[in-house]
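Q: Have a look at this one.
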Amino acid sequence: MESSQEITTQRSTVEDWTRALAESSGSPGGGAGTGVMLAIAASLTSMVAGYTEAPDDRLAELQARASTLRETALKLADDDAAASKAFGAAFRLDPGPERDEAIHRASVDAAKASAVLGDHAIEAIEDLGWLAANGNPALIADVVVGFGALRAAIAGARTNVSFDLGSLRSAGASLDEIKEQHPELWATVGWLGDALDRIDQLVAAVDGKAAPTDGH
Numbered sequence: 084m085e086s087s088q089e090i091t092t093q094r095s096t097v098e099d100w101t102r103a104l105a106e107s108s109g110s111p112g113g114g115a116g117t118g119v120m121l122a123i124a125a126s127l128t129s130m131v132a133g134y135t136e137a138p139d140d141r142l143a144e145l146q147a148r149a150s151t152l153r154e155t156a157l158k159l160a161d162d163d164a165a166a167s168k169a170f171g172a173a174f175r176l177d178p179g180p181e182r183d184e185a186i187h188r189a190s191v192d193a194a195k196a197s198a199v200l201g202d203h204a205i206e207a208i209e210d211l212g213w214l215a216a217n218g219n220p221a222l223i224a225d226v227v228v229g230f231g232a233l234r235a236a237i238a239g240a241r242t243n244v245s246f247d248l249g250s251l252r253s254a255g256a257s258l259d260e261i262k263e264q265h266p267e268l269w270a271t272v273g274w275l276g277d278a279l280d281r282i283d284q285l286v287a288a289v290d291g292k293a294a295p296t297d298g299h
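What follows is the structure in structure tokens.
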């Protein structure tokens, strides 16, 4: 198997990538896993769209967006793995100004990487929602699985942005200072929380069709 430093979502097998994820290296870690979950959601979106008919160009455009998102998500997963590696290295430095600066830089970079991934995930919600309402009904279970992967991606991005911002306290900043210095990243946590609520609403609306035996 390739060493964990050489593992990428775009070059490695699923077996090798998940084996690297299982190692105690942190690169890849949960953030990279978030990107892979987004890629899974995009793939299922494209697959369900391929089994669906529509009288206009909506499905072709939807599939194109999903295909682009799948590729982007895998790249973002690798970007996050690199950011995670720098994040861990910063905390291993000896106490002092150099360590504080490295933690600040690595924490902000890691938060930005997760925020970008989260933004892409938010954009994918409505396409999957459209398929939940208009897609081939025989594939509604696949839509719900896609929502599950998308929810995992958004939940992961939300938690990682929040955690990485919170890590700035190790460099001497208070939460109020962090909020003032990084307002967009701070707001991203709330937007991603709202996106989770949106997914839950969409899944609840079709769960009876996707899982008809539940509760019986």
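Residue numbering for the sequence shown is 84 to 299, as defined by the numbering used here.
C-beta atoms are modelled at their ideal positions from N, C-alpha and C, and glycine is treated no differently.
1. Whose C-beta lies closer than 8 angstroms to the C-beta of Y134 among residues of the same chain, with five residues either side of it excluded?
2. Thinking C-beta only, is A156 closer than 8 angstroms to H203?
3. For D280, does the count of other Cβ atoms within 10 angstroms reach 16, so buried, or fall short, so exposed?
4. Given a threshold of 16 other Cβ atoms within 10 Å of its Cβ, counted over all protein chains shown, does W100 qualify as buried or as exposed?
5. Measuring only the C-alpha atoms, how far is D163 from G179?
6. State the CB to CB distance for the pair L145 and A215, rounded to an integer number of angstroms; the pair is presumed to be in contact (CB under 8 angstroms).
7. Quick one, which of V228, G249, G109 and A224 has its alpha-carbon nearest L121's?
8. Within 10 angstroms of the Cβ of L233, are there 16 or more other Cβ atoms? Answer buried if so, exposed if not.
9. Do A193 and D247 come within 8 angstroms of each other at the CB atom, strictly closer than that value?
10. Is DSSP giving P138 helix, strand or coil here?
11. Taking the alpha helix (DSSP H) that Q284 falls in, what are its first and last residues?
12. Quick check: T242 and D161, are their CB atoms within less than 8 angstroms of each other?
13. Any idea what DSSP makes of Q146, helix, strand or coil?
14. I believe A207 touches L152 by the beta-carbon criterion, under 8 angstroms. Please report the beta-carbon distance rounded to the nearest angstrom.
15. Since I223 is in the alpha helix (DSSP H), which residue starts that stretch and which ends it?
A: So, from the data block:
1. Closer than 8 angstroms at Cβ, skipping near neighbours: G218, N219, A221 and L222.
2. Judged by beta-carbon spacing, A156 lies within the 8 angstroms limit of H203, meaning their Cβ atoms are closer than that value.
3. Counting Cβ neighbours within 10 Å, D280 comes out exposed, since fewer than 16 surround it.
4. A buried status is given to W100, since no fewer than 16 other beta-carbon atoms sit within 10 Å of its beta-carbon.
5. The alpha-carbon separation between D163 and G179 amounts to approximately 26 angstroms.
6. 13 angstroms between Cβ atoms; not a contact.
7. For L121, the nearest C-alpha among the options comes from V228.
8. Around the beta carbon of L233, 16 or more other beta carbons sit within 10 angstroms, so the residue counts as buried.
9. For D247 and A193, yes; Cβs fall inside 8 angstroms.
10. When secondary structure is reduced to three states using DSSP, P138 falls in the coil class, being assigned neither helix nor strand.
11. It spans P266 to A293 - the alpha helix (DSSP H) in which Q284 sits, taken as one unbroken run.
12. Cβ distance not < 8 angstroms, so T242 and D161 don't count as in contact.
13. For Q146, the secondary structure class from DSSP, reduced to helix, strand or coil, is helix.
14. Approximately 6 angstroms separates the beta-carbon atoms of A207 and L152; this is inside 8 angstroms, confirming the contact.
15. For I223, the enclosing alpha helix (DSSP H) begins and ends at I223 to G249.
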